[in-house]
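Residue numbers (this note's numbering): 330 to 564.
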């Protein structure tokens with residue numbers, strides 16, 4: 330177990346916490362404030378009308394997801410740097426799984442862009458019957474939701490590994506490591522239900538409060554570790 334971290338390590342932790350904060354803010358802002366209110370998976374016509382009436386918000390949600398994916402890739406590298414002395418192979422594996430998720434987030438945004446092309450123009454739709462474009466756009470939005478959950482499979486594996494690394498490192502309290510590992514289990518179970526037993530997915534959705542709480546706690550802990558470094562240097 331590693332319990333001593335240099336000032337450089339603590340600065341890295343602070344930067345990691347900042348990137349984590351960007352990921353959380355962009356993710357919630359994109360899904361809850363921007364994209365979510367515009368999409369009704371049971372009504373293609375209403376969804377198309379809502380997006381046309383809020384094109385700036387829809388495009389901003391794509392931009393927020395791009396920022397989130399870039400920040401997530403950066404965070405994967407910084408966490409590897411922090412935890413490599415603790416367990417090099419495990420830290421490398423965790424970074425790879427998180428980077429896979431980051432790439433999938435970026436690629437998956439093409440589904441959102443495809444929906445936008447069908448709804449807002451930029452694509453020849455003359456060969457499509459009335460209402461087909463809206464139905465296809467909703468299909469792409471549904472694929473985006475499923476693609477996000479597929480990415481969470483890799484992130485879930487990463488979270489379990491990261492939880493073990495946190496527990497063994499002594500960088501932050503062990504309870505956060507346990508929480509991050511449990512969050513990984515929730516992601517894996519939720520994604521499994523999305524693809525294998527979708528009728529139970531809605532019932533399980535409340536369990537996502539665990540990742541929300543634990544990831545926020547880990548973010549705050551990283552920022553506080555970085556602030557501790559600044560106070561130590563000042564002293």
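For each residue, glycine too, the CB sits at the ideal point set by N, CA and C.
DSSP, reduced to helix, strand and coil, places residue 543 within a helical segment of the structure shown. Excluding residues up to 5 positions away in sequence, 519, 520, 523, 524 lie with their Cβ nearer than 8 Å to the Cβ of residue 478 in the same chain. For the pair residue 367 and residue 376, the CB atoms are nearer than the 8 Å cut-off.
Contact check for residue 493 against residue 506 passes: the beta carbons are separated by less than 8 Å. Judged by beta-carbon spacing, residue 553 lies beyond the 8 Å limit of residue 334, meaning their Cβ atoms are not closer than that value. Between residue 480 and residue 433, the beta carbon gap of about 4 Å places them in contact (Cβ cut-off 8 Å). Of the residues assessed, residue 394 falls on the buried side of the cut-off, its CB having 16 or more other CB atoms within 10 angstroms.
For residue 409, the three-state secondary structure derived from DSSP is helix.
Comparing alpha-carbon positions, the option among 408, 475, 339, 344 lying closest to residue 370 turns out to be 475. When rounded, the separation of the alpha-carbon atoms in residue 444 and residue 343 is 38 Å. Look at the segment 440–512 and you find these whole runs of alpha helix (DSSP H), each 4 residues long or longer: 461–498. Between the segment 448–465 and the segment 397–414 there are fewer than three inter-stretch CB-CB distances shorter than 8 Å, so the stretches are not counted as touching. Residue 415 has its alpha-carbon roughly 7 Å from the corresponding atom of residue 497. Nearest to residue 544 by alpha-carbon distance, out of 356, 462, 365, 341, is 356. Relative to the Cα of residue 491, the nearest Cα in the group 425, 387, 358 belongs to 425.
The C-beta distance from residue 365 to residue 463 rounds to 18 Å, too long to meet the 8 Å contact threshold. As summarised for the segment 361–414, the continuous alpha helix (DSSP H) elements at least 4 residues long and confined to that stretch are 373–381, 384–412, given in chain order.
Restricting attention to 338, 402, 337, the CA atom closest to the CA of residue 435 is found in 402. Cβ contact annotation for residue 489 (same chain, cutoff 6 Å, sequence separation greater than five): 510, 513, in chain order.
The three-state reading of DSSP puts residue 416 in coil, since its state is none of H, G, I, E or B.
In the DSSP assignment, residue 537 falls outside any alpha helix (DSSP H), carrying neither H nor E. Under the three-state reduction of DSSP output, residue 524 falls in the helix class. Excluding the 5 residues flanking it on each side, residue 484 has same chain C-beta neighbours closer than 8 Å at 426, 427, 430, 513, 516, in chain order.
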